[in-house]
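Below you'll find the structure, written out as C-alpha coordinates, and then a few comments.
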(Lines of atoms letter the chains of each structure in order from A and count residues from 1; the text may use other names and numbers.)
(Lines give C-alpha, C1' and ligand atoms only; values in the text may rest on other atoms or scores of the structure.)
Protein backbone atom coordinates (compact mmCIF):
# COMPACT_ATOMS: atom_id res chain seq x y z
CA UNK A 1 0.00 0.00 0.00
CA UNK A 2 1.27 3.45 -0.83
CA UNK A 3 1.53 5.42 2.36
CA UNK A 4 0.37 8.59 0.65
CA UNK A 5 -2.99 7.08 -0.21
CA UNK A 6 -3.80 6.48 3.45
CA UNK A 7 -3.08 10.13 4.18
CA UNK A 8 -6.37 11.10 2.57
CA UNK A 9 -8.14 9.68 5.59
CA UNK A 10 -6.40 11.96 8.03
CA UNK A 11 -4.01 14.88 7.66
CA UNK A 12 -3.93 14.74 3.88
CA UNK A 13 -7.29 16.47 3.70
CA UNK A 14 -6.42 19.37 5.97
CA UNK A 15 -6.16 22.94 4.79
CA UNK A 16 -6.04 25.78 7.24
CA UNK A 17 -8.46 28.29 5.80
CA UNK A 18 -11.45 29.85 7.46
CA UNK A 19 -14.67 28.20 6.37
CA UNK A 20 -18.29 27.74 7.22
CA UNK A 21 -19.77 24.31 7.78
CA UNK A 22 -21.71 23.31 4.69
CA UNK A 23 -22.59 20.42 2.44
CA UNK A 24 -20.13 19.70 -0.35
CA UNK A 25 -21.71 20.58 -3.67
CA UNK A 26 -21.05 18.28 -6.60
CA UNK A 27 -24.11 19.14 -8.63
CA UNK A 28 -23.14 16.90 -11.53
CA UNK A 29 -23.16 13.82 -9.27
CA UNK A 30 -26.85 13.32 -10.01
CA UNK A 31 -26.17 13.16 -13.74
CA UNK A 32 -24.18 9.96 -14.01
CA UNK A 33 -22.68 6.94 -12.28
CA UNK A 34 -19.22 8.52 -12.56
CA UNK A 35 -18.46 12.24 -12.43
CA UNK A 36 -15.43 14.31 -11.59
CA UNK A 37 -15.01 14.95 -7.86
CA UNK A 38 -11.88 16.72 -6.69
CA UNK A 39 -8.33 17.94 -7.16
CA UNK A 40 -5.88 17.12 -4.35
CA UNK A 41 -2.86 19.37 -3.98
CA UNK A 42 0.37 19.17 -1.96
CA UNK A 43 1.48 22.42 -0.36
CA UNK A 44 3.48 24.00 2.44
CA UNK A 45 1.97 27.46 1.99
CA UNK A 46 -1.66 27.44 3.00
CA UNK A 47 -1.95 31.23 3.07
CA UNK A 48 -0.92 31.39 -0.59
CA UNK A 49 -3.42 28.68 -1.54
CA UNK A 50 -6.22 30.58 0.22
CA UNK A 51 -5.29 33.81 -1.53
CA UNK A 52 -5.34 32.12 -4.93
CA UNK A 53 -8.29 29.73 -4.82
CA UNK A 54 -10.58 31.68 -2.50
CA UNK A 55 -9.67 35.37 -2.63
CA UNK A 56 -8.67 35.46 -6.31
CA UNK A 57 -10.59 32.74 -8.13
CA UNK A 58 -13.72 32.95 -5.99
CA UNK A 59 -13.85 29.49 -4.44
CA UNK A 60 -15.66 28.98 -1.15
CA UNK A 61 -13.91 27.75 1.98
CA UNK A 62 -16.05 25.20 3.83
CA UNK A 63 -15.62 22.55 6.50
CA UNK A 64 -16.96 19.03 6.13
CA UNK A 65 -17.07 15.83 8.17
CA UNK A 66 -16.94 15.14 11.88
CA UNK A 67 -13.30 16.22 11.96
CA UNK A 68 -14.15 19.59 10.35
CA UNK A 69 -11.93 19.02 7.36
CA UNK A 70 -11.47 22.34 5.61
CA UNK A 71 -11.60 22.41 1.81
CA UNK A 72 -12.27 24.82 -1.05
CA UNK A 73 -15.38 24.37 -3.13
CA UNK A 74 -16.12 25.38 -6.71
CA UNK A 75 -19.14 24.31 -8.75
CA UNK A 76 -18.58 20.64 -9.63
CA UNK A 77 -15.14 20.31 -8.03
CA UNK A 78 -13.74 20.29 -4.51
CA UNK A 79 -10.11 21.11 -3.78
CA UNK A 80 -8.35 19.28 -0.97
CA UNK A 81 -4.89 20.10 0.31
CA UNK A 82 -2.25 18.04 1.99
CA UNK A 83 -0.72 20.64 4.27
CA UNK A 84 2.99 20.59 5.16
CA UNK A 85 3.80 18.42 2.16
CA UNK A 86 6.31 20.11 -0.12
CA UNK A 87 5.57 19.23 -3.76
CA UNK A 88 8.44 17.92 -5.86
CA UNK A 89 7.42 20.15 -8.76
CA UNK A 90 4.55 21.88 -10.46
CA UNK A 91 1.92 20.43 -12.77
CA UNK A 92 3.77 21.05 -16.04
CA UNK A 93 5.82 18.02 -16.99
CA UNK A 94 3.35 15.60 -15.40
CA UNK A 95 0.53 13.63 -16.98
CA UNK A 96 -1.94 16.25 -15.70
CA UNK A 97 -0.53 19.44 -17.18
CA UNK A 98 -3.23 21.76 -15.86
CA UNK A 99 -6.73 22.21 -14.52
CA UNK A 100 -9.31 24.43 -16.21
CA UNK A 101 -12.15 26.70 -15.13
CA UNK A 102 -14.65 28.59 -17.26
CA UNK A 103 -15.64 32.18 -16.51
CA UNK A 104 -18.10 34.56 -18.18
CA UNK A 105 -15.66 37.50 -18.28
CA UNK A 106 -12.10 36.47 -19.05
CA UNK A 107 -10.67 40.00 -19.01
CA UNK A 108 -12.00 40.54 -15.51
CA UNK A 109 -10.50 37.29 -14.24
CA UNK A 110 -7.10 37.91 -15.83
CA UNK A 111 -6.95 41.40 -14.36
CA UNK A 112 -7.79 40.06 -10.90
CA UNK A 113 -5.18 37.31 -11.15
CA UNK A 114 -2.53 39.85 -12.13
CA UNK A 115 -3.61 42.37 -9.48
CA UNK A 116 -3.17 39.70 -6.82
CA UNK A 117 0.40 39.07 -7.91
CA UNK A 118 0.20 35.87 -9.94
CA UNK A 119 2.09 35.21 -13.15
CA UNK A 120 0.21 34.99 -16.42
CA UNK A 121 1.85 32.48 -18.79
CA UNK A 122 -0.56 32.62 -21.74
CA UNK A 123 2.14 33.66 -24.21
CA UNK A 124 4.07 30.40 -23.74
CA UNK A 125 1.12 28.04 -23.17
CA UNK A 126 -1.19 28.85 -26.08
CA UNK A 127 0.69 27.96 -29.28
CA UNK A 128 -1.00 28.83 -32.53
CA UNK A 129 -3.14 31.58 -31.01
CA UNK A 130 -2.76 35.33 -31.12
CA UNK A 131 -2.05 36.53 -27.59
CA UNK A 132 -2.89 40.07 -26.59
CA UNK A 133 -2.51 41.38 -23.04
CA UNK A 134 -2.31 37.84 -21.61
CA UNK A 135 -5.43 36.57 -23.40
CA UNK A 136 -5.23 34.14 -26.32
CA UNK A 137 -7.87 34.63 -28.97
CA UNK A 138 -9.96 31.80 -30.44
CA UNK A 139 -8.34 29.27 -32.75
CA UNK A 140 -11.27 29.73 -35.12
CA UNK A 141 -14.25 32.10 -35.44
CA UNK A 142 -16.80 31.43 -32.74
CA UNK A 143 -14.30 29.68 -30.51
CA UNK A 144 -13.41 30.62 -26.95
CA UNK A 145 -10.65 32.88 -25.74
CA UNK A 146 -8.37 31.41 -23.07
CA UNK A 147 -5.68 32.45 -20.62
CA UNK A 148 -3.19 30.64 -18.40
CA UNK A 149 -1.83 31.49 -14.95
CA UNK A 150 0.54 29.90 -12.47
CA UNK A 151 -0.92 29.47 -9.00
CA UNK A 152 0.99 28.64 -5.82
CA UNK A 153 3.45 25.75 -6.12
CA UNK A 154 3.39 26.19 -9.91
CA UNK A 155 -0.08 24.78 -10.39
CA UNK A 156 -0.98 25.67 -13.99
CA UNK A 157 -4.55 26.91 -14.37
CA UNK A 158 -6.45 27.65 -17.57
CA UNK A 159 -9.38 30.06 -17.77
CA UNK A 160 -11.78 29.66 -20.67
CA UNK A 161 -14.30 32.35 -21.52
CA UNK A 162 -17.93 31.21 -21.63
CA UNK A 163 -19.88 34.43 -22.12
CA UNK A 164 -23.28 32.82 -21.61
CA UNK A 165 -22.28 31.30 -18.26
CA UNK A 166 -24.45 32.62 -15.45
CA UNK A 167 -22.16 31.78 -12.52
CA UNK A 168 -18.80 33.48 -11.85
CA UNK A 169 -16.63 30.36 -12.19
CA UNK A 170 -16.99 26.60 -12.58
CA UNK A 171 -14.91 23.53 -13.33
CA UNK A 172 -14.39 23.13 -17.06
CA UNK A 173 -11.72 20.52 -17.71
CA UNK A 174 -8.74 18.48 -16.64
CA UNK A 175 -6.00 18.52 -19.28
CA UNK A 176 -3.70 15.55 -19.68
CA UNK A 177 -0.45 15.65 -21.66
CA UNK A 178 1.03 12.40 -22.96
CA UNK A 179 3.07 11.25 -25.96
CA UNK A 180 0.42 8.52 -26.26
CA UNK A 181 -2.57 10.80 -25.84
CA UNK A 182 -4.92 8.78 -28.05
CA UNK A 183 -4.22 5.67 -25.98
CA UNK A 184 -4.82 7.69 -22.84
CA UNK A 185 -8.17 8.89 -24.13
CA UNK A 186 -9.18 5.31 -24.91
CA UNK A 187 -8.20 4.19 -21.39
CA UNK A 188 -10.34 6.84 -19.69
CA UNK A 189 -13.24 6.11 -22.02
CA UNK A 190 -13.08 2.41 -21.20
CA UNK A 191 -12.30 2.73 -17.49
CA UNK A 192 -14.55 5.60 -16.43
CA UNK A 193 -17.15 5.65 -19.18
CA UNK A 194 -16.19 9.04 -20.59
CA UNK A 195 -17.92 9.86 -23.87
CA UNK A 196 -15.21 10.15 -26.56
CA UNK A 197 -14.97 13.36 -28.55
CA UNK A 198 -12.63 13.75 -31.52
CA UNK A 199 -12.08 16.19 -34.33
CA UNK A 200 -10.99 19.22 -32.30
CA UNK A 201 -7.54 20.40 -31.37
CA UNK A 202 -7.08 17.23 -29.29
CA UNK A 203 -9.05 14.11 -28.37
CA UNK A 204 -11.30 14.42 -25.34
CA UNK A 205 -13.71 12.49 -23.17
CA UNK A 206 -16.77 13.98 -21.50
CA UNK A 207 -18.27 13.17 -18.12
CA UNK A 208 -21.03 15.14 -16.41
CA UNK A 209 -19.59 18.50 -15.42
CA UNK A 210 -16.10 18.06 -16.89
CA UNK A 211 -14.13 17.51 -20.08
CA UNK A 212 -11.08 15.27 -19.97
CA UNK A 213 -8.70 16.65 -22.61
CA UNK A 214 -5.72 14.72 -23.98
CA UNK A 215 -2.96 16.63 -25.76
CA UNK A 216 0.09 15.03 -27.38
CA UNK A 217 3.37 15.78 -25.65
CA UNK A 218 6.68 15.81 -27.47
CA UNK A 219 8.49 15.38 -24.15
CA UNK A 220 8.22 12.51 -21.67
CA UNK A 221 5.87 13.14 -18.75
CA UNK A 222 6.15 11.96 -15.15
CA UNK A 223 3.71 10.64 -12.58
CA UNK A 224 1.59 13.04 -10.55
CA UNK A 225 2.09 11.61 -7.06
CA UNK A 226 4.21 13.94 -4.96
CA UNK A 227 3.84 16.86 -7.39
CA UNK A 228 1.76 19.99 -6.76
CA UNK A 229 -1.34 18.21 -8.11
CA UNK A 230 -0.87 14.88 -6.39
CA UNK A 231 -3.99 13.19 -7.68
CA UNK A 232 -7.32 13.68 -9.37
CA UNK A 233 -10.59 12.31 -8.06
CA UNK A 234 -13.75 10.76 -9.49
CA UNK A 235 -17.03 10.32 -7.60
CA UNK A 236 -18.43 6.83 -8.32
CA UNK A 237 -21.80 5.34 -7.47
CA UNK A 238 -21.50 1.80 -5.99
CA UNK A 239 -17.75 2.15 -5.62
CA UNK A 240 -17.25 -1.28 -4.08
CA UNK A 241 -18.71 -3.02 -7.13
CA UNK A 242 -16.75 -0.70 -9.42
CA UNK A 243 -13.50 -1.64 -7.68
CA UNK A 244 -14.26 -5.32 -8.17
CA UNK A 245 -14.83 -4.65 -11.87
CA UNK A 246 -11.51 -2.81 -12.13
CA UNK A 247 -9.69 -5.74 -10.56
CA UNK A 248 -11.48 -8.16 -12.89
CA UNK A 249 -10.22 -6.01 -15.78
CA UNK A 250 -6.65 -6.34 -14.49
CA UNK A 251 -6.36 -2.91 -12.88
CA UNK A 252 -4.61 -3.12 -9.52
CA UNK A 253 -5.91 -1.05 -6.63
CA UNK A 254 -3.12 1.07 -5.14
CA UNK A 255 -5.30 1.57 -2.04
CA UNK A 256 -8.13 -0.94 -1.58
CA UNK A 257 -11.77 0.00 -1.10
CA UNK A 258 -12.41 1.28 2.41
CA UNK A 259 -14.75 3.52 4.33
CA UNK A 260 -13.77 6.80 5.96
CA UNK A 261 -16.09 7.27 8.95
CA UNK A 262 -15.01 10.86 9.66
CA UNK A 263 -16.33 11.93 6.26
CA UNK A 264 -18.99 9.29 5.75
CA UNK A 265 -17.53 8.27 2.40
CA UNK A 266 -15.79 5.32 0.79
CA UNK A 267 -12.51 5.61 -1.11
CA UNK A 268 -10.06 3.65 -3.25
CA UNK A 269 -7.04 4.56 -5.38
CA UNK A 270 -5.59 3.40 -8.68
CA UNK A 271 -2.83 4.65 -10.98
CA UNK A 272 -3.38 4.94 -14.70
CA UNK A 273 -0.82 3.30 -17.05
CA UNK A 274 1.12 6.59 -17.39
CA UNK A 275 1.41 7.47 -13.71
CA UNK A 276 -1.66 9.59 -12.96
CA UNK A 277 -2.67 8.88 -9.37
CA UNK A 278 -6.47 8.65 -9.13
CA UNK A 279 -8.75 8.60 -6.14
CA UNK A 280 -12.27 7.27 -6.39
CA UNK A 281 -14.86 8.29 -3.82
CA UNK A 282 -18.47 7.49 -3.05
CA UNK A 283 -20.58 9.90 -1.05
CA UNK A 284 -18.42 12.98 -1.34
CA UNK A 285 -21.38 14.88 -2.78
CA UNK A 286 -23.41 14.18 0.36
CA UNK A 287 -20.79 15.09 2.95
CA UNK A 288 -21.96 17.70 5.46
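Numbering (the working numbering), first residue to last: 103 to 390.
Here a beta-carbon is modelled for each residue, glycine too, at the ideal position from N, C-alpha and C.
Who are the Cβ neighbours of residue i in its own chain at under 8 Å, not counting the five residues just before and after it?
i           : result
residue 297 : 291, 307, 308, 309
residue 156 : 119, 162, 163, 174
residue 304 : 283, 315, 316, 317, 318
residue 236 : 212, 216, 222, 224, 225, 249
Report the CB separation of residue i from residue j in whole angstroms; it is logged as a contact under 8 Å.
i           : j           : result
residue 223 : residue 252 : 6 Å
residue 176 : residue 161 : 5 Å
residue 246 : residue 240 : 6 Å
residue 199 : residue 279 : 4 Å
residue 377 : residue 277 : The Cβ separation is near 16 Å, so there is no contact.
residue 140 : residue 386 : 7 Å
residue 158 : residue 218 : 5 Å
residue 356 : residue 336 : In fact, because the Cβ distance is near 14 Å, the residues do not count as touching under 8 Å.
residue 208 : residue 261 : 6 Å
In the DSSP assignment, what are the bridge partners of residue i?
i           : result
residue 381 : 335, 371
residue 233 : 238
residue 389 : Beta-bridge pairing links residue 389 to no other residue.
residue 174 : 163, 181
residue 298 : 307
residue 263 : 205
Quick one: residues in its chain with C-beta nearer than 7 Å to the C-beta of residue i, no 5 flanking neighbours on either side, listed in chain order?
i           : result
residue 195 : 323, 324
residue 361 : 368
residue 374 : 289, 380
residue 87  : This structure cannot settle anything about residue 87, because the visible part of the chain is limited to 103 through 390.
residue 233 : 224, 225
Along the chain, where does the alpha helix (DSSP H) that runs through residue i open and close?
i           : result
residue 344 : 341 to 350
residue 285 : 283 to 294
residue 208 : 208 to 217
residue 356 : Careful: residue 356 lies outside any alpha helix (DSSP H) and carries neither H nor E.
residue 223 : Counting along the chain, residue 223 falls outside any alpha helix (DSSP H), and DSSP gives it neither H nor E.
residue 148 : 148 to 152
Is it buried or exposed, residue i, if we count other Cβ atoms within 10 angstroms and call 16 or more buried?
i           : result
residue 170 : exposed
residue 340 : exposed
residue 107 : Here the model assigns residue 107 a pLDDT of 41, short of 50, so the residue's position is not dependable, and the following value carries that caveat. With 16 or more Cβ atoms within 10 Å of its Cβ, residue 107 is classed as buried.
residue 167 : buried
residue 192 : buried
residue 151 : buried
residue 389 : buried
residue 269 : exposed
residue 265 : exposed
residue 213 : exposed
residue 190 : exposed
residue 133 : exposed
residue 225 : exposed
residue 70  : The structure shown does not extend to residue 70, since the chain spans only 103 to 390, so no value can be given for it.
residue 383 : buried
Using only the heavy atoms of the ligand PLP, determine whether one of them is closer than 7 Å to the beta carbon of residue i.
i           : result
residue 268 : Because no ligand of any kind appears in the structure shown, any question about the ligand PLP cannot be addressed here.
May I ask which residues mark the beginning and end of the beta strand (DSSP E) holding residue i?
i           : result
residue 201 : 198 to 205
residue 248 : 248 to 252
residue 317 : 312 to 318
residue 274 : 272 to 280
Please work out which residues of its chain come closer than 6 Å, Cβ to Cβ, to residue i, disregarding the five sequence neighbours upstream and downstream, and give them in chain order.
i           : result
residue 313 : 275, 306
residue 221 : 252
residue 318 : 283
residue 130 : 137, 178, 310, 311
residue 112 : Here residue 112 scores only 36 on pLDDT, less than 50, and its place in the model is too uncertain to base an answer on.
residue 344 : 338
residue 135 : 339
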